[in-house]
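Peer 1:
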Amino acid sequence: MLFDKILGPKPGVANTPAAGKALTGNGNKYLLERIVKWVLFLLTTVSVLTTVGIISVLLFEGVRFFASDFYQEKRSELEVTSEAVGLAGADAAPTGLAPGIIPRIGVRATTESLIFVEWDRPNLGQNPTSYDVSIHPDLNLDLTDCQNLSAERTTCVISNAGPGRSYKVTVAAIAGAGKGVGVETESFSVPEKVRWYRYFTDTKWRTLLVPRSYGIWPLLVGTMMIAVLAMLVAVPLGLLCAIFLSEYAHPRLRAITKPILEVLAGIPTVVYGFFALFFITPLLRTISDDVGIFNALSAAVVMGVMIIPMVSSLSEDAMRAVPISLREGAYALGATKVEVATKVVVPAALSGIVAAFILGMSRAVGETMIVFIAAGQNEKLTFNPLDPVNTMTGFMATTNFSDNAIPGTAQFQALFAVGITLFVITLLMNLASQFVVSKFREVYE
Amino acid sequence: MAMGINQNYNRRLSARKRKAAIFYGVCVAAVIIALIMLVALLYSVVSEALGWYNLEGTSIGTLFTDGPSSKAIKSGLFPAIIGTLWVMAICVVVSFAVGVSAAIYLEEYSGRSRIAEIIQTNIQNLAAVPSIVYGILGLSIFVALFALGKSTLSAGLTLALLIMPVVIVSSQEAIRAVPSSIREGGYALGATRWQVVWRLVLPQSLPGILTGIILAVSRAMGEAAPLVIMGALSYVSFAPAHPLDRFTVLPIQIYVWISKPQEEFHQLAAAGIVVLLIMLLGMNAFAIFLRNRLQRNQRG
Numbered sequence: 023m024l025f026d027k028i029l030g031p032k033p034g035v036a037n038t039p040a041a042g043k044a045l046t047g048n049g050n051k052y053l054l055e056r057i058v059k060w061v062l063f064l065l066t067t068v069s070v071l072t073t074v075g076i077i078s079v080l081l082f083e084g085v086r087f088f089a090s091d092f093y094q095e096k097r098s099e100l101e102v103t104s105e106a107v108g109l110a111g112a113d114a115a116p117t118g119l120a121p122g123i124i125p126r127i128g129v130r131a132t133t134e135s136l137i138f139v140e141w142d143r144p145n146l147g148q149n150p151t152s153y154d155v156s157i158h159p160d161l162n163l164d165l166t167d168c169q170n171l172s173a174e175r176t177t178c179v180i181s182n183a184g185p186g187r188s189y190k191v192t193v194a195a196i197a198g199a200g201k202g203v204g205v206e207t208e209s210f211s212v213p214e215k216v217r218w219y220r221y222f223t224d225t226k227w228r229t230l231l232v233p234r235s236y237g238i239w240p241l242l243v244g245t246m247m248i249a250v251l252a253m254l255v256a257v258p259l260g261l262l263c264a265i266f267l268s269e270y271a272h273p274r275l276r277a278i279t280k281p282i283l284e285v286l287a288g289i290p291t292v293v294y295g296f297f298a299l300f301f302i303t304p305l306l307r308t309i310s311d312d313v314g315i316f317n318a319l320s321a322a323v324v325m326g327v328m329i330i331p332m333v334s335s336l337s338e339d340a341m342r343a344v345p346i347s348l349r350e351g352a353y354a355l356g357a358t359k360v361e362v363a364t365k366v367v368v369p370a371a372l373s374g375i376v377a378a379f380i381l382g383m384s385r386a387v388g389e390t391m392i393v394f395i396a397a398g399q400n401e402k403l404t405f406n407p408l409d410p411v412n413t414m415t416g417f418m419a420t421t422n423f424s425d426n427a428i429p430g431t432a433q434f435q436a437l438f439a440v441g442i443t444l445f446v447i448t449l450l451m452n453l454a455s456q457f458v459v460s461k462f463r464e465v466y467e
Numbered sequence: 031m032a033m034g035i036n037q038n039y040n041r042r043l044s045a046r047k048r049k050a051a052i053f054y055g056v057c058v059a060a061v062i063i064a065l066i067m068l069v070a071l072l073y074s075v076v077s078e079a080l081g082w083y084n085l086e087g088t089s090i091g092t093l094f095t096d097g098p099s100s101k102a103i104k105s106g107l108f109p110a111i112i113g114t115l116w117v118m119a120i121c122v123v124v125s126f127a128v129g130v131s132a133a134i135y136l137e138e139y140s141g142r143s144r145i146a147e148i149i150q151t152n153i154q155n156l157a158a159v160p161s162i163v164y165g166i167l168g169l170s171i172f173v174a175l176f177a178l179g180k181s182t183l184s185a186g187l188t189l190a191l192l193i194m195p196v197v198i199v200s201s202q203e204a205i206r207a208v209p210s211s212i213r214e215g216g217y218a219l220g221a222t223r224w225q226v227v228w229r230l231v232l233p234q235s236l237p238g239i240l241t242g243i244i245l246a247v248s249r250a251m252g253e254a255a256p257l258v259i260m261g262a263l264s265y266v267s268f269a270p271a272h273p274l275d276r277f278t279v280l281p282i283q284i285y286v287w288i289s290k291p292q293e294e295f296h297q298l299a300a301a302g303i304v305v306l307l308i309m310l311l312g313m314n315a316f317a318i319f320l321r322n323r324l325q326r327n328q329r330g
């Protein structure tokens, strides 16, 4: 029976035939047992469902992000030139004609194959009789696609432009023979189709403003910079605290110090953000004028403080697992306390300590509120910790800030793409720490 | 010659002893730096909160009875506190039901089956998933798919999933701490497995389970990131009346005040932080009280 396989042997004493027979006489009790077991099993699967849910939710939108053709607008120079040309021998004075007959044109390029050229019909009592639209370099412009949106506006669709190239479009309004011509020129760039790999190769992250760009590097560099700086604070302090608690502190002192240190781990991250913005940053700014109001350094320092108890208690656990006999052996050879700590205990507990570092790093990578508050949400690629930066988590938090992420847009899907990146990085770190523990642990009898 | 070696040894010994003393000093300094950071954090919060208290027109009463307002001195935490209580109530009920059931199943029923092993590994990995990713889960599943909206129910369920791995692991530890002789005694009297669990194991392990849940919930209470992703960062000036109401919670309200440009709002945020920290302290004290009771029971 499959059910029996899933649920293991039947409950209680029901494994022997005799007992089973005895239980059938008490059918309700046995049924209750089965039901309870099923309910417990189903509730246990919630944890598996959560994992499945996280992965499928991330993939569902994230795959759309990587598969969809979205277009990266290039910033067109938007040089608009217009002129009114009075034809020779015309009875109408060019001066009176000039402002009204110049068509105001706009070019909207939505994809590489759909470019809308729109212009207003000048309304001066002398309606232009015809328009002359030309594009340089020459495209086979199909003017039959032109349609009048309203009395004042005409749209032409160009469907054969080359991606990534710049063009100039000129619209000349001709107001009857011998009357006058108004010409306007605008240059535009055809948007480029962005393929999935640009996420890994582009160095700009701009989701709100055109030209949009979805290159993960600024966020990744910001995340890693803050995480590494945080670990520069947390690793030495955490490790030294662990050595103190495990090797030096009297049990009574340890009983006081350890809970106080662990208070640091229980403080909400929004409070750490407050601390970074209103205490550490002003402190740093008194030291150097280069420090911005929002900067990576103060967020990183505070994040490091937050991670100290995690690194310290995990490392301490590893060190306390080192048998006392190893220490006593070293002391018997005349070693001093520092030699025992750094040359015997730490190497013996190294796998656990390294695992603690990796887990601390993974915590730093996934931390949101400190960065969100104090690091400045600046999506420029920078390696300077005194500059404002943004991290992957920071971007994810900003995206839903004012409901500007509408499902279906590339910006909304980018949230999930970044989520996948973050999930994969933290998962790999977690697996790495498990691997280090299982592979390199020294086992003592 | 022997004299020379001895001198050399003595010189090196004193150098080694000096090194040991310095290293001890460095270790103590590290602990002190960490403690100083804690003190500095509390100092910065309390001094700003006192700044709020000393502002003209503020009172601790209105802080608890009023909603957020455009003026810092008139703003209060009432909707945020009620929102937090709603979210935490849902979170406690769900994480207790799911977490304890899973712990019972894994400890008492599953044995060492392959499925149990997979679930155990899965729980371990879930615990390391960043909280903001749970926000994405909540946004897609509870807010959008189940159409619960930006409600206390969505938030409570999301936070329950967030703390579920912690609850399961701590409950498992509490259940494992029950001596097996108690179970065997039950079986010897002819009790079924569920009778043993319900009447013997659970009462014994309940204080430990509750301690773990309280500590986990106090983590959920300070959590803001998943709720930000779920769109809880909107202006809410009313306390939620039912589980599907829009809401705000303490950490979110504190964040909103931190991000305002005016100094008074920063001081107000500090006052909010003091309230949040006191609530967390209360919960932790309760957990410690339970743990002590558990230890006394076990000794007795």
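Chains as they are written, first to last, in our numbering: chain V, 23 to 467; chain P, 31 to 330.
Every residue, glycine too, gets a C-beta built ideally from N, C-alpha and C.
Just so you know, these numbers come straight off a predicted model, no measurement behind them.
Closer than 7 Å by beta-carbon distance: list the chain P residues that pair up with V/Ser320, in chain order.
Peer 2: What V/Ser320 touches in chain P: nothing, since even the nearest Cβ is about 12 Å away.
Peer 1: Does DSSP put V/Ile447 in a helix, a strand or coil?
Peer 2: helix
Peer 1: According to DSSP, is P/Lys180 part of a helix, a strand, or is it coil?
Peer 2: coil
Peer 1: According to the Cβ coordinates, are P/Val408 and P/Gly242 closer than 8 Å?
Peer 2: It is not possible to answer for residue 408 of chain P, since the shown part of chain P is limited to 31 through 330.
Peer 1: Apart from the five residues on each side of it in sequence, which residues of its chain come closer than 6 Å, Cβ to Cβ, to P/Ala246?
Peer 2: Ile193, Val196, Val197
Peer 1: Just how far apart, CA to CA, sit V/Val292 and V/Val285?
Peer 2: 15 Å
Peer 1: In three-state terms, what does DSSP make of V/Trp141?
Peer 2: strand
Peer 1: What does P/Met118 touch in chain C if you count any residue whose Cβ is under 9 Å from its own?
Peer 2: Judged by its chain identifiers, the structure shown contains no chain C, and its protein chains are V and P.
Peer 1: Considering V/Pro258, what are the terminal residues of the alpha helix (DSSP H) in which it resides?
Peer 2: Segment 239-265, the alpha helix (DSSP H) holding V/Pro258.
Peer 1: On the three-state DSSP scale, how would you describe V/Phe316?
Peer 2: coil
Peer 1: Quick check: the Cα distance between V/Asn412 and P/Gly168, rounded to an integer number of angstroms?
Peer 2: 23 Å
Peer 1: Measure how close the beta-carbons of P/Ala299 and V/Phe296 come, nearest whole angstrom, since I'm counting them as under 8 Å.
Peer 2: The C-beta distance from P/Ala299 to V/Phe296 rounds to 6 Å, short enough to fall under 8 Å.
Peer 1: Run down chain P in chain order and give the residues with a C-beta less than 9 Å from the C-beta of V/Ile329.
Peer 2: Result: empty, since nearest Cβ-Cβ is about 11 Å, beyond 9 Å.
Peer 1: In the segment 194-278 of chain P, which residue ranges form an unbroken alpha helix (DSSP H) of at least 4 residues, counting only runs that do not cross its ends?
Peer 2: 210-218, 223-226, 232-251, 255-259
Peer 1: So which residues of chain P does V/Val293 contact, with C-beta pairs closer than 9 Å?
Peer 2: Those within 9 Å of V/Val293 in chain P are Leu71, Val75, Gly252, Pro281, Ile284, Ile303, Leu306, Leu307.
Peer 1: By how many angstroms is the C-alpha of P/Ser200 removed from the C-alpha of P/Gln234?
Peer 2: 14 Å
Peer 1: Rounding to the nearest angstrom, what Cα-Cα distance links V/Phe82 and V/Thr223 in this structure?
Peer 2: 23 Å
Peer 1: Using a 10 Å radius around the Cβ and a threshold of 16 neighbouring Cβ atoms, would you call V/Asp311 buried or exposed?
Peer 2: Around the C-beta of V/Asp311, fewer than 16 other C-beta atoms lie within 10 Å, and the residue is accordingly described as exposed.
Peer 1: Which residue's Cα is closest to the Cα of V/Thr225: V/Leu403, V/Val446, V/Val323?
Peer 2: V/Leu403
Peer 1: Give me the Cα-Cα distance between P/Ser248 and V/Val250, rounded to the nearest whole angstrom.
Peer 2: 28 Å
Peer 1: Assuming P/Gly179 contacts P/Leu115 under a Cβ cut-off of 8 Å, what Cβ separation, rounded to an integer in Å, is found between them?
Peer 2: Incorrect: roughly 19 Å between the Cβ atoms, too far for contact.
Peer 1: So V/Met332 and V/Leu372 are supposed to be a Cβ contact under 8 Å. How far apart are they, rounded?
Peer 2: About 18 Å; that fails the 8 Å criterion.
Peer 1: Give a yes or no on whether the minimum CB-CB distance between V/Leu241 and chain P is below 8 Å.
Peer 2: no
Peer 1: Going straight from the alpha carbon of V/Tyr353 to that of P/Ala50, what length do you get?
Peer 2: 13 Å
Peer 1: Could you list which residues in chain P have their beta carbon closer than 8 Å to that of V/Ile20, in chain order?
Peer 2: Since the first residue shown for chain V is 23 and the last is 467, residue 20 of chain V is missing from the structure and cannot be characterised.
Peer 1: If distances are taken between C-alpha atoms only, which option among P/Ser99, P/Ile52, P/Ile308 comes closest to P/Leu72?
Peer 2: P/Ile308
Peer 1: Helix, strand or coil for V/Val74, going by three-state DSSP, please let me know.
Peer 2: helix
Peer 1: Could you say which of V/Gly388, V/Thr431, V/Pro407 lies nearest to V/Leu450 if we only look at CA atoms?
Peer 2: When each option's Cα is compared against that of V/Leu450, the closest is V/Gly388.
Peer 1: Short of 9 Å Cβ to Cβ, which residues in the segment 195-229 of chain P face chain V?
Peer 2: Pro195, Ile198, Tyr217, Gly220, Ala221, Thr222, Arg223, Trp224, Gln225, Val226, Val227, Trp228
Peer 1: Check for me: the alpha helix (DSSP H) holding P/Trp287 runs from which residue to which?
Peer 2: That run of the alpha helix (DSSP H) goes 280-288.
Peer 1: Closest Cβ-Cβ distance between V/Ala277 and chain P: below 8 Å?
Peer 2: no
Peer 1: Indicate whether at least one CB of chain P lies closer than 8 Å to the CB of V/Lys43.
Peer 2: Caution is warranted here: a pLDDT of 48 is assigned to V/Lys43, below 50, making its placement in the model unreliable, and the coordinate value is therefore given only provisionally. Answer no: the Cβ-Cβ gap between V/Lys43 and chain P never drops below 8 Å.
Peer 1: Identify the continuous alpha helix (DSSP H) that holds P/Asn155 and give its terminal residues.
Peer 2: 144-156
Peer 1: Given this structure, state the Cα-to-Cα distance separating P/Ile282 from P/Ile149, to the nearest angstrom.
Peer 2: 33 Å
Peer 1: Answer with yes or no whether the minimum CB distance from V/Met247 to chain P is below 8 Å.
Peer 2: no
Peer 1: Should V/Tyr466 be labelled buried (16 or more other beta-carbon atoms within 10 Å of its own) or exposed?
Peer 2: Residue burial annotation: V/Tyr466 is exposed, with fewer than 16 other C-beta atoms found within 10 angstroms of its C-beta.
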